[in-house]
């Protein structure tokens, strides 16, 4: 959206970005980077398990106790906003430092082409009928008072989403599919949980080939 062009990326600072297995392996493969560099394993309090399950998959690990854990993008301290954190891949520049024609912090995603799906669809969601997307205004409540966590500088309007179409709806559908698949993997894993050190191997095996060949299956092309 045009409004994002000179933004400090409050959404990349305010939120913990939950990841699917698809996101984890895609980033790991494309950057040639060990997942431990960017992955944050977060314990979920027992009273928050049911609520968190609505948004992401939860896993148990035999070497980490009896609780559940969720996978998020790692966050690091911001260089320009004191006492705040940001996504590890968020790049930020101060206009004064770089002689830019702006007097504020500008930020950009450093892995935009392979960013997590939850980032690609924000701030939209798939309609209950699964056929169209619904866009709206982000929740701009900032109880911290830290300017780093402010979101859009003005309320969004319909025209802000005028260019959204095919790719955006595809991302919404992809997000629903990938999250459901990740949740199904969590159910299998949690039935017989293992050591966290073995989890990525389990993940890679589960995503290695998701198209099963059946020589008895006769496929007709849709007309």
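In the working numbering, the protein residues as written are 1 to 223. Cβ coordinates follow ideal geometry from the N, Cα and C atoms, glycine included.
Does DSSP put residue i in a helix, in a strand, or in coil?
i           : result
residue 126 : strand
residue 59  : strand
residue 77  : strand
On the premise that residue j lies in contact with residue i, defined as a C-beta separation below 8 Å, what is that separation, rounded to the nearest angstrom?
i           : j           : result
residue 138 : residue 11  : 7 Å
residue 135 : residue 109 : Between residue 109 and residue 135 the Cβ distance is about 19 Å, and since that is not below 8 Å, they are no contact.
Measure the CB-CB distance between residue i and residue j and report whether it falls below 9 Å.
i           : j           : result
residue 69  : residue 60  : yes
residue 115 : residue 89  : yes
residue 117 : residue 171 : yes
residue 112 : residue 14  : no
residue 44  : residue 67  : yes
residue 72  : residue 178 : no
residue 175 : residue 126 : yes
residue 41  : residue 207 : no
residue 130 : residue 121 : no
residue 205 : residue 63  : no
residue 20  : residue 57  : yes
residue 2   : residue 168 : no
Identify the continuous beta strand (DSSP E) that holds residue i and give its terminal residues.
i           : result
residue 68  : 68-73
residue 135 : 133-135
residue 90  : 90-94
residue 86  : 85-87
Looking at the unbroken alpha helix (DSSP H) that takes in residue i, where does it start and where does it end?
i           : result
residue 11  : 11-14
residue 176 : 166-191
residue 28  : 21-31
residue 119 : 117-121
residue 50  : 49-52
residue 106 : That residue, residue 106, is in no alpha helix (DSSP H); its beta strand (DSSP E) goes 105-109.
residue 42  : Per DSSP, residue 42 belongs to no alpha helix (DSSP H); it is in the beta strand (DSSP E), 39-44.
residue 219 : Looking at the DSSP string, residue 219 is not in any alpha helix (DSSP H), and its letter there is neither H nor E.
residue 204 : 199-207
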